[in-house]
Amino acid sequence: MGFLENRDAGSLPTIPQFFKGKTVFITGGSGFIGKVLVEKLLYSCSGIDRIYLLLRSKKNVSPEDRLNDIYSTACFDRLRKEKPGIFESKVFVISGDVMEPGLGLSEEDRALLINRVNIIFHVAASVRFDDPMKFAVKLNLNGTKQVVDLAKNIVDLSVLVHVSTSYSNTNRELIEEVIYPAHADWRDTLAICETLDEHTIRLLTPKYIGELPNTYTFSKQLAEHVVYEEKGKLPAVIVRPSIVISSADEPMEGWIENFNGPVGILVACGKGIMRTLHTKPDLISDYIPVDLCVKNIIASAWARGTKKLEPEDDIQIYNCCSGDLNTILMKDLITMAKDVGANLPISGSLWSVGGSISTSETIYYIRVLLQHLLPALFVDLLLFLLGKKPILIKVQRRIYIANLALRYYITKQWTFDNTNFVALRSFLKEEDKHDFYYDIENRDKVEYFTKCCIGGRRYLLKEKDEDLPKAQAHYRRMVIIDKVVQVLFFGGLMWWLIKVGAWYFGQRRAVIV
């Protein structure tokens, strides 16, 4: 705990006191972690002066309109109810883009940030595993460089928090809270991606990234080195979350806005469209609820920001993950998905809740054919005959592609050392522990994933709680249909085998006679 060792915690300000009167600049504020970060800062550190969000125009929607869209999400329900007006008075748009030179900032906005900002949270990133090298490098690597370049010019910078990923060094089984040697020089990588054409880079990518599985991991690893080179010169920290999923408590239980990770498995199993997953039953799935992740991000800013920068200071790294505090095996996750899905069914489920683990790649493909593809073809044929638009083949294709992208991460095991992550919460002042202590080990997994399922129904599928009895009635019908189909299928198969057997032995008898 480099920032807090040999320091008197009693002399430090509380986290709200540290943020009071300060100006914060956030990239990635429209994303999952970014929204919860903005909400938590405004709710628990209300004395903050203001927050600038870097937003670009997207699909002909202006940055200002995007800010309104962000505030209209359920993530800010608590804030609207308990602290009305605080978002409108303290959150402002800075038009720009992390993929553009100089973050795409106007001269006026750049001067504003340089002279006014005290704290930077760099959260923006692409989390797609299949991004082309050029795109991933431009966003994850060059975007980080642009933020660091800005930070070096800020007049009164207290701290820069760079949000990375626990999976930035997947070529190692034990991942500690240190910087490992990079697979390539980040400057050379930027030059290559700026010089060569897209086709050539695609051909070079597999060899260039080496042991790393994809451009996401590769670009995030190099981005850490951009930040780490500034040790002793910039007051920076690196936070590495694992799989970030539904909130445990804040801003409400079970809030989620994407299908990534275990929540996607819960929803797909509950919908009846995912029957098998290629993974290992005893694989430990490391996840972190988004609100606990955000508490660590804020606490890490406080820890660094309350210490004067010294030339010998290292850059602290936090593996923001469950580690061995509260583990869950893939087989237990699938079992919970089926149990929770049956008790809290999704409206319009296409089949009864399913889910099995295929350790063999061959068995997985056979099950995909029999349990995913053929039923989807059958349902889509019925929809077509009824004059409706076929949809299930497209859905199954997306599930298959998602499983392919995730395969590397759900068939391998890593051990994440989270010593700094755990130690930081112990150093929190007593006054801060109510709002910023991230308790992981004392949470009941079944209760938490039940909340995840409820949140998935509410916030992803937009289903109303009062419609649950209808969903349960529909699900009971699906269970009956499933059992009838199984009886007919296996009964028909048995009848066919008996007929074939009778014919075969009849032929043998005729030959013998």
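In full-length UniProt numbering, the protein residues as written are 1 to 513. Glycine included, every Cβ here is placed at the ideal spot set by N, Cα and C. This one's a predicted model, so the numbers in the text were calculated from it and none came from an experiment.
On a Cα-Cα basis, can you pick out the residue from the options that is closest to residue i?
i, options, result
"Ser30", "Thr411, Gly85, Gly96 and Gly47", "Gly96"
"Leu141", "Asp109, Tyr216, His199 and Glu177", "Tyr216"
"Thr144", "Ala236, Asn171, Val500 and Leu196", "Ala236"
"Asp435", "Leu333, Tyr43, Phe32 and Thr27", "Tyr43"
"Leu406", "Pro213, Glu64 and Leu468", "Pro213"
"residue 591", "Arg458, Asn442 and Trp414", "Here the chain has residues from 1 to 513 only, and residue 591 is not among them."
"Thr189", "Lys220, Asn169, Val159 and Glu177", "Lys220"
"Lys331", "Leu283, Lys388, Phe378 and Arg50", "Leu283"
"Phe92", "Thr73, Leu103, Gly104 and Leu113", "Leu113"
"Asp324", "Ile154, Thr419 and Gly491", "Thr419"
"Phe135", "Ile391, Val98 and Ala342", "Val98"
"Ile440", "Asn296, Ala502 and Lys464", "Asn296"
"Glu198", "Arg443, Asp131, Ile179 and Glu431", "Asp131"
"Phe421", "Glu177, Val244, Glu466 and Lys483", "Glu177"
"Lys464", "Ile357, Gly348, Gly491 and Val500", "Gly348"
"Ala473", "Leu404, Ala342 and Glu107", "Ala342"
"Val24", "Ile154, Ser106, Leu12 and Glu64", "Ile154"
"Thr195", "Gln146, Phe378, Trp255 and Met133", "Met133"
"Gly305", "Lys152, Gly10, Phe19 and Ile94", "Phe19"
"Cys361", "Leu385, Ser426 and Tyr400", "What sits at residue 361 in the sequence shown is Glu, not Cys. Ranking Leu385, Ser426 and Tyr400 by Cα distance to Glu361 puts Tyr400 first."
"Asp313", "Tyr228, Cys45 and Leu12", "Tyr228"
"Asp380", "Leu370, Tyr180, Ile366 and Val395", "Val395"
"Leu292", "Leu468, Cys45, Glu253 and Leu222", "Glu253"
Go to residue i, then tell me how far its beta strand (DSSP E) extends in each direction, as first and last residue.
i, result
"Ala236", "Ala236 to Pro241"
"Ile26", "Thr23 to Thr27"
"Phe92", "Val91 to Ser95"
"Ile51", "Arg50 to Leu55"
"Leu160", "Val159 to Val163"
Check for me: the alpha helix (DSSP H) holding residue i runs from which residue to which?
i, result
"Gln396", "Leu392 to Ile410"
"Gln316", "First-last for Gln316: Gln316 to Cys320, but that is the beta strand (DSSP E), not the alpha helix (DSSP H)."
"His434", "Glu430 to Phe436"
"Phe378", "Leu374 to Leu385"
"Val36", "Phe32 to Ser44"
"Arg66", "Pro63 to Tyr71"
"His199", "Glu198 to Ile209"
"Ile346", "Neither: Ile346 is in no alpha helix (DSSP H) and is coded neither H nor E."
"Phe427", "Premise fails: Phe427 is in no alpha helix (DSSP H) and is neither H nor E."
"Gly47", "Per DSSP, Gly47 belongs to no alpha helix (DSSP H) and is neither H nor E."
"Arg458", "It is not in any alpha helix (DSSP H) - Arg458 carries neither H nor E in the DSSP assignment."
"Ile366", "Glu361 to Arg367"
"Trp186", "Trp186 to Thr195"
"Arg78", "Asp77 to Glu82"
"Gly354", "Where Gly354 is concerned, there is no enclosing alpha helix (DSSP H), given that its DSSP letter is neither H nor E."
"Ala151", "Asn142 to Asn153"
"Gln17", "Ile15 to Phe19"
Contact check, residue i vs residue j under 8 Å by CB: the rounded distance?
i, j, result
"Val117", "Tyr71", "Contact flag wrong, Cβ pair sits at about 21 Å."
"Asn242", "Ile298", "Per the sequence shown, residue 242 should be read as Ser rather than Asn. Actually they are not in contact, since the Cβ atoms of Ser242 and Ile298 sit about 18 Å apart, beyond 8 Å."
"Cys453", "Val294", "No, Cys453 and Val294 are not in contact; Cβ-Cβ is about 22 Å, not under 8 Å."
"Ala125", "Gly264", "Not confirmed; about 19 Å, so no contact."
"Leu222", "Ala191", "About 13 Å separates the two Cβ atoms, so there is no contact after all."
Report yes if the CB atom of residue i is closer than 7 Å to the CB atom of residue j, and no otherwise.
i, j, result
"Gly455", "Ser285", "no"
"Trp351", "Gly270", "no"
"Asn326", "Arg240", "no"
"Trp186", "His162", "no"
"Gly355", "Ile334", "yes"
"Ile410", "Thr276", "no"
"Glu166", "Phe416", "For the record, residue 166 in the displayed sequence is Ser; it is not Glu. Their beta carbons are under 7 Å apart, which means Ser166 touches Phe416 by this criterion."
"Glu39", "Leu67", "no"
"Ile119", "Lys207", "no"
"Tyr475", "Pro345", "yes"
"Val123", "Ala301", "no"
"Leu424", "Tyr437", "no"
"Phe449", "Met336", "yes"
"Ile238", "Phe121", "no"
"Val36", "Val267", "no"
"Lys233", "Ile315", "no"
"Asn171", "Glu211", "yes"
"Lys90", "Arg50", "yes"
"Ile357", "Pro281", "yes"
"Leu41", "Ile48", "yes"
"Glu431", "Thr14", "yes"
"Ala376", "Ile391", "no"
"Leu54", "Ile86", "no"
"Val148", "Cys193", "no"
Please decide whether residue i counts as near chain D, where near means a Cβ-Cβ distance under 7 Å.
i, result
"Ser426", "The chain inventory of the structure shown lacks chain D, comprising one protein chain alone."
Open item on the list: Just to confirm the assignment: which complete alpha helix (DSSP H) runs, minimum length 4, are found wholly within the segment 105 to 138?
Closed with: 107 to 116 and 133 to 136
TODO: Report the residue ranges of all beta strand (DSSP E) runs contained in full by the segment 212 to 294; include only those spanning at least 3 residues, in chain order.
DONE: 236 to 241, 243 to 245 and 287 to 289
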